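Comments concern the structure below.
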Amino acid sequence: MSTIPPPPLSDQDVADLLKPKAFWEQQGVIKSLIIALLSTIVIFGGIAFTVGRSEGWGAVQQAFFSRPDMRAAFPKVWEGFQLNIKMFMIAEPLVLAFGLILALIRIGTNPVLFPVRAIAIAYIDLFRGAPALLVIMMLGFGMPGLRISWLPNDPVFWGITACVITSSAYTAETFRAGIESVHRSQRSAARSLGLSNRQTFQHVVLPQGIKAVIPPLISGFVSLQKETALVSTIGPLEATRRAQIYSALNFNYSSYVIAALLFIALTIPLARFTDYLLQRSAKRMQMGGLA
Amino acid sequence: MIALLRYESVYKAYGQNLVLRNINLDVQEHSVTCLIGASGCGKSTLLRCTNLLEEIQHGAIWLRDIDLANSQKQADDLRARVGMVFQSYNLFPHMNVLKNITLAPVKVKGERRSEAEDRARDLLQRFGLLDKALEYPDRLSGGQQQRIAIIRALAMQPEVLLLDEVTSALDPEMVGEVMDIIIELKNLNITMMLATHQMGFASQIADNVVFLDSGSIVEQGHPSQFFSNPQHERTRQFLERVTMAI
Ligand SMILES: Nc1ncnc2c1ncn2[C@@H]1O[C@H](COP(=O)(O)OP(=O)(O)O)[C@@H](O)[C@H]1O
Ligand SMILES: [Mg+2]
């Protein structure tokens, strides 16, 4: 049976095919949007309905989401939050620097430095596993407790120190993973041009290794921001501590919600930035292929 | 005439695996030497040893009057005098083309940046890649990346250029542009040693063809004799197999 093939598309039809389509004109977009919308209504509506209808909702709403309490607590919590930001801003550069130094020590192969390497490994194992809260309390209560005159006894100082100690152990492993992810052939290429071991590391391996782990490093920033809240256990009047004080005086938890919102507001931009970086590197992978 | 490169009873092992056995070979200045042989016969290893990326267990590799293999102290300086280009290009992905080319001249030779960049631009111009000077490697085709890698090695003005299967990772339509650059380098009298699977190219460009089998040199000679009248049974078998494959 012979069929006559349909005539080819006219130039105009081909041009139409190639015309860029608006987002909603693309195949299946409308359907997906409708399904997403419906499922959102069903799920969130269901939750709202169940929670709202529950017997205790009124009381919970009053305790956690009371507008007047939020407004009243805000100034003090905001003031406290600035201390969180300050602790974070001081701690983060130290974490990055110290984490990188630890990673470099760990990666090295010089036999003379073996003892230093052993210490670095022990340090990383110890503080990556230790809960930050415990380290904060041990330093914050323990160090001043030693009554050594030249040691500072400012709890903010010990809080920052504890955050730096725990985060840098974690960050060191992130850096190490990045550095080790750089392909061996990059090193060969650099050495073949006459670069020394050190130059190769400094100009070729390290920059690529760091670039590879920027997203997890930013996740580390977010954890560190939250860790500063734990410093409240040793006294400083940061946001959660302020919230706690308000809550104790007014028998209302809305102050905590305010503190939480402030932390969230700070982390969302970082999270979106990480997404953007990951997306960009995924695109590069597709384009670059081998590279 | 004293050879530019002279291999003297070179042995190389990876652990228990003897990869190069008693290599004796001269590479004359301004000549092109092609290494051929089956995959795994030791071509890359021989080149990597020449560039001091690998240590040998026995023997000597002379670059003029210096024994490359046994002068660990000046290894970095010596490495700079021998250029190498790899199958997988290995451009530095975090640097643009110009930076890729000028990194070593600036850091190793201590050239002024402006000077190194001028020379890099000259080289790019000569090989028709000047418009890529500020691109990053991931924006370039494989053929362009490999040509840049060759220019990067040339920018150090090496005394000999080692090329390890530099067209093997390329799509067929890009092989030509990289071969053209190699032919141009031959016309510029640059001493080259290249591992290749392309017999046609080897016979066109080589002054000396060296056939390796299981880490030993079985036979070498000028392509006119080597390809038309191979002396050894193993060479004949190998040539038959590769021509069958084409
Ligand atoms: N880094 C290495 N470690 C261990 N063995 C290797 C290494 N590189 C190559 N070899 C071995 O050495 C032999 C020669 O390899 P190679 O020089 O790459 O051959 P060719 O380039 O001719 O294909 C092979 O058997 C290979 O498995
Ligand atoms: Mg090889």
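Each protein sequence line maps, in turn, to chains A and B.
FYI, the numbering for the first sequence is 901 to 1191, going by the working numbering.
FYI, the numbering for the second sequence is 602 to 847, going by the working numbering.
Glycine is no exception: its CB is placed at the ideal position from the N, C-alpha and C atoms.
Note that this is a predicted model, so its numbers are computed, not measured.
In this structure, ligand 2 has no non-hydrogen atom nearer than 8 Å to the beta-carbon of K613 of chain B. Sequence-distant partners of E630 of chain B (beyond 5 residues in either direction) whose C-beta falls short of 6 Å from its own C-beta, in its chain, are L605, T792. For C642 of chain B, the three-state secondary structure derived from DSSP is coil.
Identification of chain B residues near R1091 of chain A by a Cβ-Cβ cut-off of 7 Å yields L654, R680, ordered along the chain. Against chain A, a Cβ distance below 9 Å from A807 of chain B picks out nothing, because the smallest value is about 22 Å. For A1022 of chain A and L1004 of chain A, the gap between their C-alpha atoms comes out near 15 Å. Here A614 of chain B is bridged, per DSSP, to B:L619. In the DSSP assignment, D916 of chain A falls within the unbroken alpha helix (DSSP H) covering 911-918. Across the structure, S1123 of chain A and P738 of chain B are spaced so that their CA atoms are roughly 35 Å apart. In this structure, DSSP gives G1135 of chain A a state outside helix and strand, which the three-state scheme calls coil. Below the 9 Å Cβ cutoff, chain B contributes R649, N652, L654, M685, F687, N691 as neighbours of S1088 of chain A, in chain order.
Using a Cβ-Cβ cut-off of 9 Å, K976 of chain A does not count as an interface residue toward chain B, since no Cβ of chain B sits closer than that to its own.
Non-local beta-carbon contacts of R837 of chain B in its own chain, meaning distances under 7 Å to residues more than five positions away in sequence, involve P831 in chain order. The beta carbons of Y612 of chain B and G660 of chain B sit closer together than 9 Å. By the neighbour-count criterion, in which a residue is buried when 16 or more other Cβ atoms sit within 10 angstroms of its Cβ, A1090 of chain A is buried.
Uninterrupted beta strand (DSSP E) stretches at least 3 residues long and entirely within the region 717-765 of chain B occur at 761-765, given in chain order. When Cβ-Cβ separations below 9 Å define contact, R753 of chain B makes contact with chain A.
The C-beta distance from V709 of chain B to A681 of chain B rounds to 5 Å, short enough to fall under 8 Å. When secondary structure is reduced to three states using DSSP, W978 of chain A falls in the helix class. When C-alpha distances from E834 of chain B are compared across B:F812, B:G816, B:P824, B:H823, the shortest belongs to B:F812. Listed along chain A are L1095, Q1099, H1103, each with a C-beta nearer than 8 Å to that of K708 of chain B. No Cβ-Cβ contact shorter than 9 Å links F974 of chain A with E1138 of chain A.
DSSP places G946 of chain A in the uninterrupted alpha helix (DSSP H) bounded by 929-953.
A Cβ-Cβ distance of about 4 Å is found for the pair A705 of chain B and L1093 of chain A, placing them in contact under the 8 Å criterion. Listed in chain order, the non-local C-beta contacts of G1135 of chain A below 6 Å within the same chain comprise P1055, local neighbours out to five positions each way being set aside. Leaving aside the five residues that flank Q1108 of chain A on each side, the residues in its chain whose CB is nearer than 6 Å to its CB run, in chain order, V1082. For E820 of chain B, the enclosing beta strand (DSSP E) begins and ends at 817-822.
Judged by DSSP in its simplified three-state form, F1101 of chain A adopts helix. A check of alpha carbon separations from D808 of chain B across B:K674, B:F827, B:L692, B:S815 identifies B:F827 as the nearest. For I662 of chain B, the enclosing beta strand (DSSP E) begins and ends at 659-664. For P1107 of chain A, the neighbours in chain B by C-beta distance under 9 Å run, in chain order, F693, H695, M696.
S1081 of chain A has a beta carbon lying at 9 Å or more from every beta carbon in chain B. Going by beta carbons, I751 of chain B and L725 of chain B fall outside the 9 Å limit. The beta-carbon of S1154 of chain A is placed no less than 9 Å from the nearest beta-carbon of chain B. The residue from B:D668, B:D677, B:R842 with its alpha-carbon nearest to that of T1100 of chain A is B:D677. Assigned with DSSP and collapsed to three states, G684 of chain B falls in strand.
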